[in-house]
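Undergrad:
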Amino acid sequence: MAAVRERLLAWLHPRPQARAWALLAPGTLWLLLFFLVPLIIMFVYSMMPRGIYGGVDPGFTLEHYRRFFDPLYLDILRRTFVWSIACTAICLVLGYPVAYAIARGGQWKNLLLFLVVLPFWTSFLVRTFAMIFLLRDSGLVNNWMLRLGVIEHSITLLYTPFAVMAGLVYGFLPFMILPIYASLEKLDLSLLEAAEVLGARPVERFRRVTLPLSMPGVVAGCLLVFIPALGSFLTADLLGGAKQMMIGNLVQNQFSAARNWPFGSAASFIVMALVLLAVMFYLRVKDRAPGEAPLR
Numbered sequence: 000m001a002a003v004r005e006r007l008l009a010w011l012h013p014r015p016q017a018r019a020w021a022l023l024a025p026g027t028l029w030l031l032l033f034f035l036v037p038l039i040i041m042f043v044y045s046m047m048p049r050g051i052y053g054g055v056d057p058g059f060t061l062e063h064y065r066r067f068f069d070p071l072y073l074d075i076l077r078r079t080f081v082w083s084i085a086c087t088a089i090c091l092v093l094g095y096p097v098a099y100a101i102a103r104g105g106q107w108k109n110l111l112l113f114l115v116v117l118p119f120w121t122s123f124l125v126r127t128f129a130m131i132f133l134l135r136d137s138g139l140v141n142n143w144m145l146r147l148g149v150i151e152h153s154i155t156l157l158y159t160p161f162a163v164m165a166g167l168v169y170g171f172l173p174f175m176i177l178p179i180y181a182s183l184e185k186l187d188l189s190l191l192e193a194a195e196v197l198g199a200r201p202v203e204r205f206r207r208v209t210l211p212l213s214m215p216g217v218v219a220g221c222l223l224v225f226i227p228a229l230g231s232f233l234t235a236d237l238l239g240g241a242k243q244m245m246i247g248n249l250v251q252n253q254f255s256a257a258r259n260w261p262f263g264s265a266a267s268f269i270v271m272a273l274v275l276l277a278v279m280f281y282l283r284v285k286d287r288a289p290g291e292a293p294l295r
């Protein structure tokens, strides 16, 4: 009877560790079923021969991994990394001043935050189609440049690298602004006042105080922009046309039009491995970077 009573009390009043595992169980189960299991299936498919009519056949082969290192696919991979890095850099240059202005916005802070979050209320597909209407030959951008006398004839903006880059920056810029804003919002203004008392000019105060303390937000924003831009395929497909293919378009085409699931899976895992290596290298280099010298 005492043992039953103890079990009942343990069930009604579980230990903190048991409560923690109970809270983790739903999310862990969801990730196992809808992330890890499909990932394992794709990994197995990547080492199986392609079926005659699509799908896979029983067997083992590494041909799909060797095929990925063809110059054609390596050029697509190079273009994807270059565009993703460029998109991240542009978003950082544009997003940091915006995040700084919002953090110091005073009574306008909530309104500015609302304007940054507002694009998320619309589907990414709808926003990309809106970019098509802006950049086409008879679109708003060409019409305004003609009216202002900047150009004499309509120029081709759509289906160019510029259109792809504009679409990527437009789509991922809020992911850069929000983490940086979160870091700048927590910045202790007394540190800036102390730097000013010690004789630091505004540029020095920014370089030696504001920027280092906002680096966690900068790193988070760069990762949130770089990784989705690397796997993006909708922007390049709609704004870039067939000539501006990224690695996401290659994977999407292999799973849909070409019905070559093993090669699409192999390409996905190679890109995933490269991204993990790049992120780990970046974080290690950042952690080993020397600290700032004291103010003089």
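Heads up: the sequence shown runs through residues 0 to 295, numbered per numbering that gives the first Met the number 0.
Beta carbons are placed, not taken as given, at the ideal position from N, Cα and C, and that holds for glycine.
1. Since Phe67 and Ala265 should fall inside the 8 Å C-beta cutoff, what is the C-beta to C-beta distance between them, to a whole number of angstroms?
2. Compare the C-alpha of Phe113 against each of Val278, Cys221 and Leu177 and name the closest.
3. May I ask which residues mark the beginning and end of the alpha helix (DSSP H) holding Arg78?
4. Can you tell me where the alpha helix (DSSP H) with Ala162 in it begins and where it stops?
5. Using the Cβ count rule (16 or more neighbours within 10 Å means buried), how would you classify Pro201?
6. Is DSSP giving Val149 helix, strand or coil here?
7. I want to know whether the region 52 to 60 touches the region 235 to 255 - three or more CB-CB distances under 8 Å.
8. Do Gly216 and Leu183 count as a contact pair if the criterion is CB distance below 8 Å?
9. Quick one: what's got a C-beta closer than 7 Å to Arg135's C-beta in the same chain, skipping five residues either side?
10. By the DSSP assignment, the alpha helix (DSSP H) with Arg135 in it spans what residues?
11. Between Arg204 and the rest of its own chain, which residues show a CB-CB distance below 7 Å, the 5 nearest in sequence each way excluded?
12. Apart from the five residues on each side of it in sequence, which residues of its chain come closer than 8 Å, Cβ to Cβ, to Ala100?
13. Specify, as a first and last residue, the run of the alpha helix (DSSP H) that Ala256 falls within.
14. Where Val163 and Leu22 are concerned, what is the direct C-alpha to C-alpha distance, given to the nearest angstrom?
15. Between the region 72 to 83 and the region 142 to 149, are three or more C-beta pairs nearer than 8 Å?
16. For Val278, collect the residues of the same chain with a Cβ closer than 7 Å to its Cβ; drop the 5 residues on either side in sequence, then sort them by chain order.
17. Please report the distance separating the alpha-carbon of Thr127 from that of Leu233.
18. Tell me the DSSP secondary structure of Arg200 in three-state form.
19. What does the alpha-carbon distance come out to for the pair Thr87 and Ser213?
20. Using only the alpha-carbon positions, how far apart do Ser122 and Glu151 sit?
21. Using 8 Å as the threshold, is the C-beta distance between Tyr95 and Ile179 below it?
22. Per the DSSP calculation, Arg49 is bridged to which residue(s)?
23. If you draw a straight line from the C-alpha of Leu249 to the C-alpha of Gly263, how long is it?
TA: In terms of the structure at hand:
1. The beta-carbon separation of Phe67 and Ala265, rounded to 6 Å, stays under the 8 Å limit for a contact.
2. Measuring from the Cα of Phe113, the nearest candidate turns out to be Leu177.
3. Per DSSP, Arg78 belongs to the alpha helix (DSSP H) from Pro70 to Ala102.
4. Pro160 to Glu184 is the span of the alpha helix (DSSP H), which, as asked, contains Ala162.
5. Label assigned to Pro201: exposed.
6. Correct three-state label for Val149: coil.
7. They do not touch, by the three-pair rule.
8. When the beta-carbon positions are compared, Leu183 and Gly216 come within less than 8 Å of each other.
9. Closer than 7 Å at Cβ, skipping near neighbours: Leu157.
10. Segment: none, Arg135 is in no alpha helix (DSSP H) and carries neither H nor E.
11. Answer for Arg204: Leu191, Ala194 and Glu195, listed in chain order.
12. Apart from the 5 residues on each side of it in sequence, Ala100 sits with its Cβ closer than 8 Å to the Cβ of Leu111 in its chain, given in chain order.
13. Run containing Ala256: none; DSSP gives neither H nor E here.
14. Taking the Cα positions, Val163 is about 42 Å away from Leu22.
15. With fewer than three CB-CB distances shorter than 8 Å, the region 72 to 83 does not count as touching the region 142 to 149.
16. Exclusion of the five residues before and after Val278 leaves Leu222 as the residues of its chain whose Cβ lies within less than 7 Å of its Cβ.
17. Distance between the alpha carbons of Thr127 and Leu233 is about 8 Å.
18. Note: Arg200 maps to coil in three-state DSSP.
19. Their Cα atoms are separated by approximately 17 Å.
20. Near 35 Å, if we compare the C-alpha coordinates of Glu151 and Ser122.
21. Yes, these two residues count as a Cβ contact at 8 Å.
22. Among the bridge pairs identified by DSSP, Arg49 is matched with Val55.
23. In a straight line, the C-alpha of Leu249 is about 8 Å away from that of Gly263.
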